[in-house]
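J.:
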Amino acid sequence: MSFLGFFKRRPAEVLRPQPKIPDGRRVYAIGDVHGRDDLFARLLDGIVRDNAARGPAQTTLILLGDLVDRGPDSAAVIERAMSLGAPFDRVHLLIGNHEEVFLKALDGSIEALRFFTRIGGEQTINSYGIVGDDYLTLDFTQLSKRLRAAVPAAHVEFLKNGEDQIEVGDFLFVHAGVRPGVPLMLQRASDLRWIRDEFLDDERDHGRFVVHGHTITEAPDERENRLGIDTGAFRSGVLTAAGFEMEQRWLLSATA
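Using this note's numbering, read the sequence shown as starting at 69 and increasing by one per residue.
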């Protein structure tokens with residue numbers, strides 16, 4: 069676990085008003101876990117310690133989506149996420165694009181299952197016990213049946229109950245981003261889960277300071293209107309979280 073410190077600030081004259089979390093509340097957001105249960109467990113331990121050191125507050129934990137795929141332990145990540153409670157007063161899961169495809173595959177879509185296996189879903193399928201020759205010899209129709217039988221109903225229900233956006237004070241937490249120029253209440257799920265360059269390249273005020281994952285950067289990507297915290301845990305061995313309280317924000321990370 070490492071503490072990355074406070075964000076650097078530009079001179080005050082060029083800053084927009086600092087976004088603020090309501091008094092008495094503290095929020096932690098975790099970027100894309102992608103099957104790295106080892107890092108997820110380590111980062112959660114660090115967040116619990118950090119939260120205790122900062123004193124009493126109503127504490128919310130937000131998982132920014134893409135718990136699954138690419139890394140080796142997606143099933144364990146979902147199980148751990150389902151167990152989260154104290155010391156967090158509220159826990160929210162945002163649906164990432166990988167959860168979207170996984171759920172479609174679990175609903176029986178062969179097309180979605182084919183796509184799922186191309187974007188890191190093979191590792192998720194393996195984490196549910198369908199491995200080796202057992203995995204390789206199944207056609208997609210057979211694989212669909214096996215996968216739906218292997219994934220616990222509680223895991224499916226947990227993912228289906230995920231949200232698309234969370235507002236806390238002046239902050240908006242989403243998986244991928246927002247469609248610039250579209251009111252937050254009119255945002256489409258497809259953009260909140262999948263958008264990339266149109267959002268990343270836009271410097272306008274979106275009405276809230278946007279905290280997101282989805283797009284991998286070597287280090288957290290802080291801009292005037294947004295903060296990206298997907299540091300590519302499945303390949304970099306670095307899983308990142310951000311903490312927010314009043315006008316203060318800070319970073320924590322877990323490393324392999």
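Ideal Cβ placement from N, Cα and C applies to all residues, glycine included.
1) Mapping DSSP to helix, strand and coil, what is valine 306?
2) Should the segment 176–184 be regarded as contacting the segment 222–232, the criterion being three or more beta carbon pairs within less than 8 Å?
3) Would you call the segment 193–204 in contact with the segment 153–162, where contact means no fewer than 3 C-beta pairs closer than 8 Å?
4) Let's see if you can read the secondary structure: which residues bound the alpha helix (DSSP H) around glutamate 286?
5) Ignoring anything shorter than 3 residues or poking outside the segment 241–296, list the beta strand (DSSP E) runs there in chain order.
6) Going along the chain, which residues of its own chain have a beta-carbon closer than 8 Å to the beta-carbon of valine 116, five neighbours each way excluded?
7) Where do the N-terminal and C-terminal ends of the beta strand (DSSP E) with threonine 127 fall, by residue?
8) My guess is that aspartate 100 and glycine 281 are in contact by the Cβ rule of under 8 Å, so how many angstroms apart are they, rounded?
9) Take glycine 245 and list the residues in its own chain whose beta-carbon comes closer than 6 Å to its own, dropping the five residues that flank it on each side.
10) On a Cα-Cα basis, can you pick out the residue from Leu254, Arg291 and Ala218 that is closest to aspartate 269?
11) Alpha carbon to alpha carbon, how far is methionine 150 from glutamine 233?
12) Would valine 250 be called buried (16 or more neighbouring beta carbons within 10 Å of its own) or exposed?
13) Go ahead and label leucine 204 buried or exposed: buried means 16 or more other beta carbons lie within 10 angstroms of its beta carbon, across all protein chains shown.
14) Suppose the cutoff is 6 Å on Cβ atoms and the five residues either side in sequence are ignored; what does the same chain contact list for aspartate 141 look like?
15) Please state the DSSP three-state secondary structure of leucine 152.
16) Using CA atoms only, rank isn't needed, just tell me which of Val95, Glu225, Ala121 and Val136 is closest to isoleucine 130.
17) What's the gap between the Cα of threonine 308 and the Cα of glutamate 235?
18) Ignoring anything shorter than 4 residues, give me the alpha helix (DSSP H) runs that lie fully in the segment 147–216, in order along the chain.
19) Whole-angstrom Cβ separation of leucine 260 and valine 278, contact assumed at under 8 Å?
T.: The short version:
1) Valine 306: strand per DSSP, three-state reduction.
2) The way I'd put it, the segment 176–184 doesn't touch the segment 222–232; fewer than three beta-carbon pairs between them come closer than 8 Å.
3) Segments in contact, no.
4) Premise fails: glutamate 286 is in no alpha helix (DSSP H) and is neither H nor E.
5) If we require 3 residues or more, the beta strand (DSSP E) runs fully inside the segment 241–296 come out as 277–284.
6) In chain order, Pro155 place their CB closer than 8 Å to the CB of valine 116, counting only its own chain and leaving out the 5 sequence neighbours on each side.
7) Its beta strand (DSSP E) spans residues 126–131.
8) Indeed they touch by this definition, with Cβ atoms about 4 Å apart.
9) Correct list, in chain order: Ile263, Phe267 and His280.
10) The option with the nearest alpha carbon to aspartate 269 is Arg291.
11) Straight-line Cα distance between these residues: approximately 19 Å.
12) Counting Cβ neighbours within 10 Å, valine 250 comes out exposed, since fewer than 16 surround it.
13) By the Cβ neighbour-count rule, leucine 204 is exposed, with fewer than 16 other Cβ atoms within 10 Å of its own.
14) Only Gly103, Asp105 and Ser195 meet the Cβ criterion.
15) Leucine 152 falls in the coil class under three-state DSSP.
16) Of Val95, Glu225, Ala121 and Val136, the residue nearest in Cα terms is Val95.
17) So the two alpha carbons sit approximately 20 Å from each other.
18) The DSSP assignment places 165–174, 178–186, 189–195 and 200–204 as complete runs of the alpha helix (DSSP H) inside the segment 147–216, in order along the chain (cut-off: 4 residues).
19) In fact, because the Cβ distance is near 10 Å, the residues do not count as touching under 8 Å.
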